[in-house]
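Trainee: Take a look at this one; I'll ask things after.
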Amino acid sequence: MNDIGLIGLGVMGSNLALNIADHGYKISVYNYTSDLVEKFTQEHPHENACAFTDIKEFVKSLKSPRKIMIMVTAGAAVDSCIEALNPLLDTGDIIMDMGNSNYEDTRKRCSYLKEIGIEFAGVGVSGGAKGARLGPAIMPGCTKEVYTEIGKILEDISAKAYDGHPCCAHMGTDGAGHYVKMVHNGIEYADMQLISETYLLLKYLGDYDNQKIADIFHEYNYGKLKSYLIEIAADVLAQKDPFGNGYLIDHITDSAGQKGTGKWTAISAINQGVDLSLIDAACNARFTSSHLKERLERSFREDKIPVGKTHVIKDLPKTLEKSLYLCKIAAYAQGFVHYHDASKTYGWELDLGKIAKIFRSGCIIQAKFLDTISKAYEENPNLYNLMDAPYFREEIKECMPYAREVLAAAVASAIPVPALSAAVAYIDAMNSSCVGANMIQGLRDYFGAHTFLYAGQDKPMHHEWKKMF
Ligand code: 6PG
């Protein structure tokens, strides 16, 4: 009998199956269409992997309680898998959804399956194909009892941080794992938007060529910004065009799509009343980018590209490094506040330090910075906003003047930097006693008698601002 089963032999599923097999677990694999089963058997024969074209035989091959991973496209395909498995499973068997499912769907699936005696775990997995094969970051959402059954294997196959700590830990019940993964992706959007803005600034303010910008990113990777995304940004910039002349980056269309997890993060924050302005800015920037034809046709300036060089910034790479770091602090502060509030809303008891710890390796946003975040939460488990951790307070104080200088130069040079702008505005607002909301209250009361709070009074008040009728 085999230890675990996996359904869905696409790129992610195959790599995850091989990772599991490499760790000495006997795995059964199955795919709805037999072509991928054949491909897997031919391309990746493994002594610990056994492929099936019949789902009944696949299920029968597993030890009890059965542990079955589903790695298929989020949405209807997950429900189809669950429906195909249901009649074949016994009470206490565990289905693990390893895809990028919406956490609300996961919550529904958990309660539906619980009623019929099947356990369900919504497991966030990050790291792309390479991560799946060599060690991803894994975010399981399930009951503690289910975690005792599946935790060891998931921790074994996960990435390990520099201190040997597995990048997998129990996140909380039902949708917690997929929620943590969703916000991870939102932060990934913000990180990438900030990197892309930094690239634009180096290109137009600095007038640097691609190789020089690649070298600057490479240099950043030795400092506080050390991260997977900065590392690959340098690679993307240095890549020569294999299809033509020059650098590949100059021939890639200036328009980016998305599968939706960033958008889900932004929507969930709006629903919860949490300010995720950097992730919002990143989503909006992708929407705006996709209006490429319109952008090209409209430009009110003849050149249609940023003005550039209107501002001379002393030591531009260093200034941008500090500015980017400041923005990163703002993005993660917002993301972790969102975790904190969602945890309360859904009763998940998310451990923010633990989340930062498992993000240190394997996942797309893995970074040295996450070690600092996990330490901040270790020092103060009640920390609400990262900006209040003594270390980050000092970092913000030091980096803010650089971010202001860059923002001013960007605006003067017509270089769009929505995420940088959101970061500076967020930090300013969250450190100010006056954000203009008194005016909003006055206006609402004026036109709609919505009342306002008068300083020092408990009860909302209304004023007849002007005789209306
Ligand atoms: C990961 C990634 C991955 C995601 C891609 C694409 O953690 O491995 O987040 O899950 O699918 O990054 O996301 P978008 O198409 O939405 O940019």
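When the letters of the sequence shown are read in order and numbered with this note's numbering, they come out as residues 45 to 513.
We put the beta carbon where it would ideally sit given N, CA and C, even for glycine.
Provide the residue(s) that pair with Pro-184 in DSSP beta bridges, ordered along the chain.
Mentor: Answer is Val-167, bridged to Pro-184.
Trainee: May I ask which residues mark the beginning and end of the beta strand (DSSP E) holding Gly-49?
Mentor: Counting along the chain, the beta strand (DSSP E) containing Gly-49 begins and ends at 48-51.
Trainee: State the Cα-Cα distance for the pair Ile-114 and Glu-82, rounded to the nearest angstrom.
Mentor: Answer to the nearest angstrom: the Cα atoms are 18 Å apart.
Trainee: Could you tell me if the beta carbon of Ser-240 falls within a distance shorter than 7 Å of some heavy atom in ligand 1?
Mentor: No.
Trainee: Buried or exposed for Glu-127, going by 16 or more other Cβ atoms inside 10 Å?
Mentor: Its Cβ having fewer than 16 others within 10 Å, Glu-127 is exposed.
Trainee: Counting pairs of beta carbons, one from the segment 198-208 and one from the segment 329-346, are three or more of them closer than 8 Å?
Mentor: Not touching, per the Cβ criterion.
Trainee: Taking 8 Å as the threshold (C-beta atoms), are Leu-269 and Leu-368 in contact?
Mentor: Cβ distance < 8 Å, so Leu-368 and Leu-269 count as in contact.
Trainee: Report the rounded CA-to-CA distance for Met-512 versus Ala-493, giving the unit in angstroms.
Mentor: Rounded to the nearest angstrom, the two C-alpha atoms are 11 Å apart.
Trainee: Given this structure, state the Cα-to-Cα distance separating Leu-394 from Asp-472, to the nearest angstrom.
Mentor: Distance between the alpha carbons of Leu-394 and Asp-472: 28 Å.
Trainee: If we require 3 or more residues per run, which beta strand (DSSP E) segments fall completely within the segment 237-279?
Mentor: For the segment 237-279, not a single whole beta strand (DSSP E) run of length 3 or above is found.
Trainee: Heavy atom of ligand 1 less than 7 Å from the Cβ of Glu-199, yes or no?
Mentor: Answer for Glu-199: no, Cβ out of range of ligand 1.
Trainee: Is the Cβ-Cβ distance between Asn-59 and Ala-181 less than 8 Å?
Mentor: Against a cut-off of 8 Å, the Cβ pair of Ala-181 and Asn-59 comes out as no contact.
Trainee: Would you kindly check if the distance between the Cβ of Ile-440 and the Cβ of Ile-357 is under 8 Å?
Mentor: Taking 8 Å as the Cβ cut-off, Ile-357 and Ile-440 do not qualify as a contacting pair.
Trainee: Is DSSP giving Gly-406 helix, strand or coil here?
Mentor: In this structure, Gly-406 counts as coil in the three-state DSSP scheme.
Trainee: Over what stretch of residues does the alpha helix (DSSP H) that includes Asp-294 continue unbroken?
Mentor: It is not in any alpha helix (DSSP H) - Asp-294 carries neither H nor E in the DSSP assignment.
Trainee: Closest to Glu-232 by CA distance: which of Ala-420, Leu-322, Ile-349 and Leu-50 is it?
Mentor: The option with the nearest alpha carbon to Glu-232 is Leu-322.
Trainee: For Ile-408, verify whether its CB is less than 7 Å away from any heavy atom of ligand 1.
Mentor: Yes - ligand 1 has a heavy atom lying nearer than 7 Å to the Cβ of Ile-408.
Trainee: For Val-73, which beta-bridge partners are listed by DSSP?
Mentor: Its beta-bridge partners are Leu-50 and Ala-95.
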